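Take a look at the structure below.
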Amino acid sequence: MTIMNRIKGKTVLITGASSGIGEASARSFASYGANLILCARREERLVQMKEELETEHEISVRIRGLDVREREAVEAFARELVAEKTVPDVLVNNAGKALGLHLLHEGLVEDWEEMLDTNVKGLLYMTRSILPAMVERDSGHIVNIGSVAGHQVYQKGAVYNASKFAVKALNEGMALDLLGTGIRVTSIDPGLVETEFSKVRFHGDEERAETVYEGYTPLTGDDIADIITFVVNTPEHVNILDLIVLPTAQRSAHMVHKETS
Ligand code: NDP
Ligand code: 8X3
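According to this note's numbering, the sequence shown is numbered sequentially starting from 1158.
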C-alpha cells in the first residue's frame, strides 16, 4: 500500500528547528516535499540546514534567527510572512526547554522565568501572530509540542511541569476556540527523547545529561518527527487532539525501567 502524501507543497513553520525534535521534524517535512520556515536563536545552524535541505529536496527553506520570547520580533516576522503571502499551512510550536531539577524552595527564579517565557509566552506570541491569517483562510494546522510532563508532575520538575500543563490547556483551548473552522490543533506529548534537552536542563553538564538516557532505549527526535508528519498527513477531516508518546521502557513521567550493568 502506498501512503498518500498530503504534505508536499505545504508551508511548514517550525520554532526551535536548530536541534532535537525541531531539527528532525524539519528533515522529515522536507522529505515529504514541504517548504520550510525555520526559526531558532542559533541561526548559523539553520543556515547549514537550509543549504543541505534545499540541495537534497526540491523545496525552499526560509530561515530566521528568532527568540520566541521577543514578542515584537515574533509579531514583525509574522507580519512579513503575511505581507508576502507565505502564511504557513502548519505551525509547529516546538521551541522549549526545562532548566534545572530542584525542589521548589531551592529553585532558581531566573530558570523559572526563562522556562515560562519560552514554553508558554513564546508559544502564545507565535500562535497569536500566525493564527489570524489561518482563520481568514479557514485552513491550517497548529502542532504544539507538550510533554508527558504536562500530564503528570514529578518531583523537582514543578515549574517545567506547570509550563507543559499550560501547553496542554492552551492546546485544548485553541481547539475549542477554533471550533467551526477548518483549522486542526494537535499536541504531541513525548516522554524521554534523547536530544540536547538534558544538556540544556543541566546548564551544559554533558556528563549528567548522558545519565538521563542510560540503561534503556530512549526515543529519538526522528521518532517524534515521524509522528508529527503522520499526524499532519492525515486527511483534513481528521484531527488528532493529543498524543502521549513514551519509550517502551517508560510508563509514566516518573517510571522508567533502567537495566543496571
Ligand atoms: P533541544 O534542546 O534539542 O531543542 C530545543 C530547541 O528549542 C532548539 O532548537 C533551541 O534552539 C530552541 N529554543 C530554545 N529556546 C528558544 C527561544 N527562546 N527562542 C527560539 N527557539 C528556542 O530539545 P528538544 O528537541 O528535546 O525540545 C523540543 C521541545 O520538545 C521542547 O518544547 C521540549 O520541552 C519538548 N519535549 C522534549 C522532551 C525530551 O525528552 N527531549 C520530551 C517532551 C517534550 P536555539 O537554542 O538555537 O534557540
Ligand atoms: C521532557 C520529558 O520527563 O524530562 O518533557 O520531563 S521529562
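Even glycine gets a Cβ: it sits at the ideal position worked out from N, Cα and C. Note that the structure is a prediction, hence the values are computed from the model and not measured.
Asked	Found
Please indicate yes or no: does the CB of S1320 lie closer than 7 Å to some heavy atom of ligand 2?	no
Please name the residue, chosen from A1255, V1204, V1300 and Y1311, that lies closest to I1340 on a Cα-to-Cα basis.	V1300
Alpha carbon to alpha carbon, what distance is there between D1295 and V1231?	22 Å
Rounded to a whole number of angstroms, what is the C-alpha to C-alpha distance between N1192 and G1372?	38 Å
Taking only the alpha-carbon atoms, compute the straight-line gap between T1374 and E1293 and give it to the nearest angstrom.	44 Å
Between the C-alpha atoms of R1291 and V1244, what's the straight-line distance to the nearest angstrom?	It should be pointed out that residue 1291 corresponds to Met in this sequence rather than to Arg. Distance between the alpha carbons of M1291 and V1244 is about 7 Å.
Among A1252, L1248, P1392 and N1390, whose alpha-carbon lies nearest the alpha-carbon of F1354?	A1252
Pairs of beta-carbons, one from the stretch 1259-1271 and one from the stretch 1211-1219, closer than 8 Å: are there three or more?	no
Closest to T1168 by C-alpha separation, out of L1203, S1185 and V1247, would be which residue?	V1247
Apply the 10 Å Cβ neighbour rule to H1298 and answer buried if 16 or more other Cβ atoms are within range, or exposed otherwise.	buried
Near E1211, which residues of its chain fall below 6 Å by C-beta distance, leaving aside the five closest residues on each side in sequence?	V1218
Measuring from each Cβ to the nearest heavy atom of ligand 2, keep the ones under 5 Å and list them in chain order.	S1304 and A1306
L1398 and G1348: beta carbons closer than 8 Å?	no
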